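Reviewing the structure listed below.
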Ligand SMILES: *Cc1c(COP(=O)(O)O)cnc(C)c1O
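Residue numbers (my numbering): 169 to 626.
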């Protein structure tokens, strides 16, 4: 049977985006500036230089330039694994018996297994261009550390990764992938930094957290000559690099004259979702078109749906700048039985502002329902999805089933951010029927909010 729209819409090399799109340029209400945690003054270029790479700070602070050229070296690297396919989920549609048309942009087609490589290569490139020796970072589940290791290996940069201790122990394969790419991986909290030693003294036996690993990585960067810190999500620059996802998606849809009704993505720190929706949000901001845009987050770490829009620390050690974002408080740690990633306490300031301004929606979902959706998707579409990505699958399926009830032929696009081969302990729990859902109580959340900094704007 011939079909008008192919299973996979690929772009030709010459159709790939050559610029990133900076959605901030078209936002009426810009995201709030980063604040110095000591003086509470907005942080400018010079203030950020000890921590971040120069060109990346320029991108971080640039709220006005709509399009930023992607350097040729990065374009060349992108060509190794991009364009990523936009897949029409014909098999899932059939299985659900829905009139909805479902598309997903699949970012798992590279060794790091996720979209994170899109920003890793950009950040490593600017570090190299500045003549630095290396970069430091944190990783939770390990996708970001893996992506950065790959990018640094390619550019011959030193890469030091602070990996949340429980992941370091429970995900030895991710750790070894990073080491294969030449990264030095340290379980966090560690004795190698002052902040790590302090956290260990206060909480002996702690299994670590993302916020704590960030503090260690920042300290390691500032204490070594020729090193800077890089971050895999949340920041404006990361969202900017990830717009390659949305630009490719839009170009592929435009090729066939497809206009989505809704765009759905999972949200941890917000980078894949921000990247996917940026070009569509740009049209919405300029009043050219309207789309429903839905962020999906875990019910166990509900920054958008139950968080506060406030200035907060980005890390546990409180060494990073303050960012205004939807947050659960930097001391918030999701329940130990939460398996599906997306466990950061805050959210991208760009997405936070857009959400605050009513330009996008957010929903939270429980992890057993997420794994049910993952299983359903895997069985018909062939791809074993990452638990993070499966949050988007869950809501895409829910929306497609609503269409079945109403008979509406809506077009749904969702981001499938990666594969789940390193998450088999979580799948095992699900398969054994041992997965449970823990939703924080209001009292649990109140503890996190109590740790918000004392800033006049809060
Ligand atoms: C890191 C990650 C996410 C969440 O990060 P965002 O910055 O919110 O995009 C989602 N999916 C996968 C596969 C990831 O590795």
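Even for Gly, the Cβ is constructed at its ideal location relative to N, Cα and C.
Remember, it's a predicted structure, so these values are computed and weren't measured experimentally.
For residue i, name the three-state secondary structure that DSSP assigns.
| i | result |
| --- | --- |
| residue 572 | helix |
| residue 192 | helix |
| residue 465 | strand |
| residue 246 | helix |
| residue 387 | helix |
| residue 392 | coil |
| residue 287 | helix |
| residue 539 | helix |
| residue 521 | helix |
| residue 320 | helix |
| residue 169 | In this predicted model, residue 169 has a pLDDT of only 40, less than 50, meaning its place in the structure is not dependable enough to derive any value. |
| residue 358 | coil |
| residue 623 | coil |
| residue 577 | coil |
| residue 256 | strand |
| residue 443 | helix |
| residue 182 | helix |
| residue 488 | coil |
| residue 349 | coil |
| residue 511 | coil |
Just how far apart, CA to CA, sit residue i and residue j?
| i | j | result |
| --- | --- | --- |
| residue 475 | residue 406 | 22 Å |
| residue 241 | residue 305 | 22 Å |
| residue 332 | residue 314 | 14 Å |
| residue 586 | residue 404 | 21 Å |
| residue 336 | residue 344 | 10 Å |
| residue 532 | residue 607 | 10 Å |
| residue 445 | residue 369 | 43 Å |
| residue 355 | residue 190 | 35 Å |
| residue 386 | residue 303 | 10 Å |
| residue 364 | residue 426 | 51 Å |
| residue 526 | residue 520 | 10 Å |
| residue 583 | residue 556 | 10 Å |
| residue 278 | residue 239 | 21 Å |
| residue 626 | residue 366 | 28 Å |
| residue 192 | residue 199 | 8 Å |
| residue 621 | residue 611 | 19 Å |
| residue 169 | residue 312 | Here the model assigns residue 169 a pLDDT of 40, short of 50, so the residue's position is not dependable and the matter cannot be decided. |
If the criterion is Cβ atoms closer than 8 Å, does the pair residue i and residue j meet it?
| i | j | result |
| --- | --- | --- |
| residue 497 | residue 480 | yes |
| residue 443 | residue 412 | yes |
| residue 436 | residue 401 | yes |
| residue 449 | residue 552 | no |
| residue 568 | residue 266 | yes |
| residue 271 | residue 184 | no |
| residue 221 | residue 294 | yes |
| residue 372 | residue 418 | no |
Could you check whether the Cβ of residue i sits closer than 7 Å to any heavy atom belonging to ligand 1?
| i | result |
| --- | --- |
| residue 556 | yes |
| residue 606 | no |
| residue 311 | yes |
| residue 436 | yes |
| residue 510 | yes |
| residue 285 | no |
| residue 277 | no |
| residue 282 | yes |
| residue 376 | no |
| residue 404 | no |
| residue 307 | no |
Measuring only from the beta carbon, is residue i closer than 7 Å to any heavy atom that is part of ligand 2?
| i | result |
| --- | --- |
| residue 202 | Among the ligands in the structure shown, ligand 2 does not appear; only ligand 1 can be found there. |
With contact counted as at least three CB pairs below 8 Å, one residue from each stretch, are the region 500 to 517 and the region 218 to 228 in contact? Inter-segment contact for the region 500 to 517 and the region 218 to 228 is absent: fewer than three beta-carbon pairs are separated by less than 8 Å.
Is there contact here, the region 308 to 317 with the region 453 to 464, by at least three beta-carbon pairs under 8 Å? Too few Cβ pairs lie closer than 8 Å, so no.
Is the region 597 to 606 in contact with the region 513 to 528, if contact means three or more CB pairs nearer than 8 Å? Here the region 597 to 606 makes no contact with the region 513 to 528; the two share fewer than three CB pairs at distances below 8 Å.
The region 253 to 270 in contact with the region 169 to 188 per 3-pair CB rule at 8 Å: Taking a cut-off of 8 Å on C-beta distances, the region 253 to 270 touches the region 169 to 188, as three or more cross pairs fall below it.
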